[in-house]
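As given, the protein sequences belong to chains A and B, one line each in that order.
The first sequence begins at 393 in this note's numbering and counts up one residue at a time.
The second sequence begins at 393 in this note's numbering and counts up one residue at a time.
Step one of this worksheet: look at the structure below.
2 protein chains.
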Amino acid sequence: MTNISILTIGDELLIGQVIDTNSAWMAQELNRAGFWVNRRLAVGDRREAILSALDGESKVSKIILITGGLGPTSDDITKPLLCEYFDTGLVVDPQALENVKNIFEKILKRPLTETNLRQAEVPASCKVIQNRRGTAPGMVFEKEGKIFISMPGVPHEMKGMMTEAVIPLLIKRFKPEHIAHRTLLTAGIGESTLADHIGSFERSLPPHVSLAYLPNYGMVRLRLTARSQQGEANNEEIDRLFADLKSRVGEWLVTDEDIPIEEALGRLLKERKKTVGTAESCSGGLVARQITSVPGSSVYFKGSVIAYSNQIKKSLLGVDPAILDEHGAVSEETVRAMVKGAIRLLDTDFAVATSGIMGPDGGSEKKPVGTVWIAAGDKDRIITQKHWFRFDRQRNTELTAANVLNLLRRFILSQSGEAGGNDLKN
Amino acid sequence: MTNISILTIGDELLIGQVIDTNSAWMAQELNRAGFWVNRRLAVGDRREAILSALDGESKVSKIILITGGLGPTSDDITKPLLCEYFDTGLVVDPQALENVKNIFEKILKRPLTETNLRQAEVPASCKVIQNRRGTAPGMVFEKEGKIFISMPGVPHEMKGMMTEAVIPLLIKRFKPEHIAHRTLLTAGIGESTLADHIGSFERSLPPHVSLAYLPNYGMVRLRLTARSQQGEANNEEIDRLFADLKSRVGEWLVTDEDIPIEEALGRLLKERKKTVGTAESCSGGLVARQITSVPGSSVYFKGSVIAYSNQIKKSLLGVDPAILDEHGAVSEETVRAMVKGAIRLLDTDFAVATSGIMGPDGGSEKKPVGTVWIAAGDKDRIITQKHWFRFDRQRNTELTAANVLNLLRRFILSQSGEAGGNDLKN
Numbered sequence: 393m394t395n396i397s398i399l400t401i402g403d404e405l406l407i408g409q410v411i412d413t414n415s416a417w418m419a420q421e422l423n424r425a426g427f428w429v430n431r432r433l434a435v436g437d438r439r440e441a442i443l444s445a446l447d448g449e450s451k452v453s454k455i456i457l458i459t460g461g462l463g464p465t466s467d468d469i470t471k472p473l474l475c476e477y478f479d480t481g482l483v484v485d486p487q488a489l490e491n492v493k494n495i496f497e498k499i500l501k502r503p504l505t506e507t508n509l510r511q512a513e514v515p516a517s518c519k520v521i522q523n524r525r526g527t528a529p530g531m532v533f534e535k536e537g538k539i540f541i542s543m544p545g546v547p548h549e550m551k552g553m554m555t556e557a558v559i560p561l562l563i564k565r566f567k568p569e570h571i572a573h574r575t576l577l578t579a580g581i582g583e584s585t586l587a588d589h590i591g592s593f594e595r596s597l598p599p600h601v602s603l604a605y606l607p608n609y610g611m612v613r614l615r616l617t618a619r620s621q622q623g624e625a626n627n628e629e630i631d632r633l634f635a636d637l638k639s640r641v642g643e644w645l646v647t648d649e650d651i652p653i654e655e656a657l658g659r660l661l662k663e664r665k666k667t668v669g670t671a672e673s674c675s676g677g678l679v680a681r682q683i684t685s686v687p688g689s690s691v692y693f694k695g696s697v698i699a700y701s702n703q704i705k706k707s708l709l710g711v712d713p714a715i716l717d718e719h720g721a722v723s724e725e726t727v728r729a730m731v732k733g734a735i736r737l738l739d740t741d742f743a744v745a746t747s748g749i750m751g752p753d754g755g756s757e758k759k760p761v762g763t764v765w766i767a768a769g770d771k772d773r774i775i776t777q778k779h780w781f782r783f784d785r786q787r788n789t790e791l792t793a794a795n796v797l798n799l800l801r802r803f804i805l806s807q808s809g810e811a812g813g814n815d816l817k818n
Numbered sequence: 393m394t395n396i397s398i399l400t401i402g403d404e405l406l407i408g409q410v411i412d413t414n415s416a417w418m419a420q421e422l423n424r425a426g427f428w429v430n431r432r433l434a435v436g437d438r439r440e441a442i443l444s445a446l447d448g449e450s451k452v453s454k455i456i457l458i459t460g461g462l463g464p465t466s467d468d469i470t471k472p473l474l475c476e477y478f479d480t481g482l483v484v485d486p487q488a489l490e491n492v493k494n495i496f497e498k499i500l501k502r503p504l505t506e507t508n509l510r511q512a513e514v515p516a517s518c519k520v521i522q523n524r525r526g527t528a529p530g531m532v533f534e535k536e537g538k539i540f541i542s543m544p545g546v547p548h549e550m551k552g553m554m555t556e557a558v559i560p561l562l563i564k565r566f567k568p569e570h571i572a573h574r575t576l577l578t579a580g581i582g583e584s585t586l587a588d589h590i591g592s593f594e595r596s597l598p599p600h601v602s603l604a605y606l607p608n609y610g611m612v613r614l615r616l617t618a619r620s621q622q623g624e625a626n627n628e629e630i631d632r633l634f635a636d637l638k639s640r641v642g643e644w645l646v647t648d649e650d651i652p653i654e655e656a657l658g659r660l661l662k663e664r665k666k667t668v669g670t671a672e673s674c675s676g677g678l679v680a681r682q683i684t685s686v687p688g689s690s691v692y693f694k695g696s697v698i699a700y701s702n703q704i705k706k707s708l709l710g711v712d713p714a715i716l717d718e719h720g721a722v723s724e725e726t727v728r729a730m731v732k733g734a735i736r737l738l739d740t741d742f743a744v745a746t747s748g749i750m751g752p753d754g755g756s757e758k759k760p761v762g763t764v765w766i767a768a769g770d771k772d773r774i775i776t777q778k779h780w781f782r783f784d785r786q787r788n789t790e791l792t793a794a795n796v797l798n799l800l801r802r803f804i805l806s807q808s809g810e811a812g813g814n815d816l817k818n
């Protein structure tokens with residue numbers, strides 16, 4: 393098994409100003425290619441920290457992938473340190489220079505400064521990976537049998553380099569182990585209850601197959617992982633085990649692929665040739681945003697009304713003022729009326745609605761912060777759910793969106809009497 | 393300076409299934425309290441990896457904060473390993489047991505299983521931190537002068553524990569160094585051009601003050617950091633340097649606080665007692681979502697129309713069919729008409745509009761993927777911008793939202809002739 397360490401350089405990660413999404417993406421791609429990411433380490437823009445990280449990681453991993461710290465500004469100290477660590481000096485790479493000039497003259501149409509020109513400098517002993525999306529080149533080093541590859545931290549530049557150069561290079565050089573994953577998504581059951589329910593399955597797994605529980609937004613993802621050196625036999629075995637797992641999960645199953653709920657719903661809508669719209673109060677557009685994050689969603693998503701104010705609930709969605717007066721905006725009656733209004737106004741087959749109190753303020757004794765009503769339906773029938781989310785504003789909103797997407801999915805399944813659509817409240 | 397290592401445990405981080413947002417939050421809070429996060433390390437649910445991480449981090453940091461790996465399911469192996477590492481055995485903590493029982497009986501209203509009960513077990517030698525938001529308790533260990541604190545990985549449980557117990561404990565125990573940050577956000581200028589522009593300022597900084605460039609969504613955040621043992625003197629000095637930096641940044645300044653663009657815009661709207669709505673095509677609700685992510689935004693945000701289909705652009709926003717036929721949905725004329733329609737329909741002072749091709753498909757030679765028109769204005773005047781974003785669907789959408797929020801901000805400033813609102817195209 394070829395171990396990889398991912399080393400991310402930058403003070404911004406250590407003071408929490410930036411969330412590290414690069415490492416997750418890299419790990420995913422490396423894993424798919426059959427490599428095992430052993431450690432992910434972030435250190436600051438500091439000489440000793442970087443040198444000791446390079447040393448430490450090369451002791452536990454064969455490959456060290458480095459991102460960040462290659463920008464043109466003086467808080468970026470990685471390049472000189474790489475020279476020090478690999479005992480070499482900076483030289484100008486002619487192709488990288490050509491690239492920097494080209495970007496400034498033809499694309500940015502800005503004069504080239506000395507700071508920019510330094511982007512074309514590389515340590516003399518490295519093999520250069522050209523950057524087709526930016527100015528900082530990638531660099532490949534070798535030392536005592538270990539491979540070090542340094543890439544820029546800008547996500548799309550790093551991703552391009554990984555896909556086009558780094559992963560092909562690693563596959564050619566190391567014959568990666570075959571790692572197979574199968575993932576499914578469940579909803580409506582907690583992690584520990586699920587664990588008790590499928591305990592006997594888990595205990596019966598062979599030692600090279602493992603099961604992981606990944607809870608998120610009130611849903612639990614289950615991931616089976618098998619390792620081996622024979623690609624084919626491995627796939628057959630994990631497929632068989634996965635089929636078994638699926639049947640045990642039963643009607644809690646949302647999707648048997650590693651896709652988010654919005655994609656599972658999108659496939660269902662596409663398959664049934666139906667359209668959807670949203671009427672959102674407390675979710676403030678996040679439900680629409682989730683639906684449209686799926687490429688090709690314009691086939692089934694037509695549009696939304698974000699009715700944050702009561703005025704718009706009345707004027708656009710036609711919610712009866714008497715409903716708002718009597719039951720309030722956060723009520724079953726209001727979300728029902730919002731679904732009806734959205735179907736009429738947006739001319740869709742289905743619609744979903746949300747109304748709630750996201751916090752931190754706005755709660756009352758009867759309707760505390762986190763109280764949310766959601767609804768989904770068509771012109772003939774509407775189902776609703778009440779939730780009480782006890783988290784922060786951000787997470788309450790995300791939970792609202794995930795739950796209303798799943799409510800619509802179950803509504804659609806219930807129309808054809810399929811599993812997953814049972815026990816719905818009308 | 394008291395160094396801290398953050399150690400995150402879980403295979404899900406190493407295969408990239410989950411993005412680590414916990415570490416960023418922890419780093420931010422620790423930093424604010426005057427601690428320096430030295431390293432952030434993630435390792436898998438594997439005995440050797442965890443033991444060697446505990447060993448390695450205790451060599452470079454005085455405090456090791458551990459999250460994850462405490463769930464009830466069998467892929468969570470942290471607790472037995474902590475027993476091994478600290479040479480102790482598991483015992484049931486009576487208070488933690490009471491907590492688990494309480495959660496199942498009173499909140500979840502589900503029968504308690506053996507798996508759940510194991511949550512109340514802790515290594516005998518640790519000091520227990522009770523979990524007020526979930527079942528897994530926190531644990532404090534001491535070994536050879538180093539402090540190890542283990543917390544659950546569920547974000548809101550970890551956050552509660554950090555705020556209420558861990559940070560107070562660390563402050564009491566260590567007298568943290570004073571670290572002061574000042575951050576500002578710029579727009580409309582690239583990282584390297586900005587670096588050249590403020591180069592002489594940067595070179596004149598005293599050695600204990602550093603400047604970092606944090607580019608994101610086409611905007612660059614600048615962060616000044618000063619370290620010292622005297623709290624007060626330090627603040628005065630950094631305030632003076634920050635004022636100097638601000639004046640040099642001039643009209644590229646968006647906000648002189650560490651807040652996102654949607655919050656800067658929100659303050660401006662609140663201050664001027666104005667309301668806003670959105671008419672979104674390609675951004676699919678993200679602009680509304682960003683605006684409503686700010687607590688209290690209901691004061692200035694009334695609602696939106698997401699007009700993903702042309703039909704809704706016409707029927708709801710009143711975009712003239714002739715405009716769509718002649719110029720297409722992705723055009724200056726269309727976004728202008730969308731702003732007008734939104735102001736009329738939503739009855740707001742201002743509105744913004746977006747229309748573009750987010751990819752991966754749908755581009756043409758004349759309008760390639762990433763072509764986006766945005767607009768902002770009031771009933772009398774509308775300004776527009778054309779962009780060509782060359783990233784993936786997700787990033788193109790985020791860039792669209794960030795840019796249209798900034799366009800509206802500049803529009804509002806231009807009304808009162810303030811800096812930042814110049815050179816706007818009418």
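Don't be surprised by glycine CBs; every beta carbon is placed ideally from N, CA and C.
Residue i in three-state terms, based on DSSP
i: H589(B); result: helix
i: Y477(B); result: helix
i: K817(A); result: Summary for K817(A): the model assigns pLDDT 46, below 50, so the residue's position carries little reliability, and this model does not support an answer.
i: V435(B); result: strand
i: A671(B); result: strand
i: I407(A); result: coil
i: K666(B); result: coil
i: T792(B); result: helix
i: E810(A); result: coil
i: K759(B); result: coil
i: G402(A); result: coil
i: L603(A); result: strand
i: R619(A); result: strand
i: L504(B); result: coil
i: L708(A); result: coil
Cβ distance (whole Å) where residue i is taken to contact residue j below 8 Å
i: T740(A); j: E672(A); result: In fact, because the Cβ distance is near 14 Å, the residues do not count as touching under 8 Å.
i: A557(A); j: V646(A); result: About 37 Å separates the two Cβ atoms, so there is no contact after all.
i: P607(B); j: E583(B); result: 5 Å
i: V731(A); j: G748(A); result: Wrong, their Cβ atoms sit about 15 Å apart, outside the cutoff.
i: I401(B); j: I458(B); result: 7 Å
i: N395(A); j: N423(A); result: Actually they are not in contact, since the Cβ atoms of N395(A) and N423(A) sit about 12 Å apart, beyond 8 Å.
i: A434(B); j: D412(B); result: 6 Å
Residue range of the alpha helix (DSSP H) that includes residue i
i: V492(B); result: 486-494
i: T684(B); result: 678-684
i: E718(A); result: 713-719
Strand pairing of residue i, partner residues [DSSP]
i: K778(A); result: W765(A)
i: M611(B); result: A579(B), N608(B)
i: N395(A); result: W428(A)
i: I499(B); result: In the DSSP output, where bridge partners are listed per residue, I499(B) has none listed.
i: E725(A); result: None, per the DSSP bridge assignment.
i: L657(B); result: Answer by DSSP bridge pairing: none, since L657(B) is not bridged.
Extent of the continuous beta strand (DSSP E) run through residue i
i: I651(A); result: Element bounds for I651(A): n/a, residue is neither H nor E.
i: S696(B); result: 693-699
i: S747(B); result: 742-748
i: P515(B); result: 513-515
i: T459(B); result: 455-459
i: K519(B); result: 519-521
Item checked: Length at least 4, wholly inside the region 523-596 of chain B: the alpha helix (DSSP H) runs in chain order -> 547-553, 559-565, 583-589, 591-595
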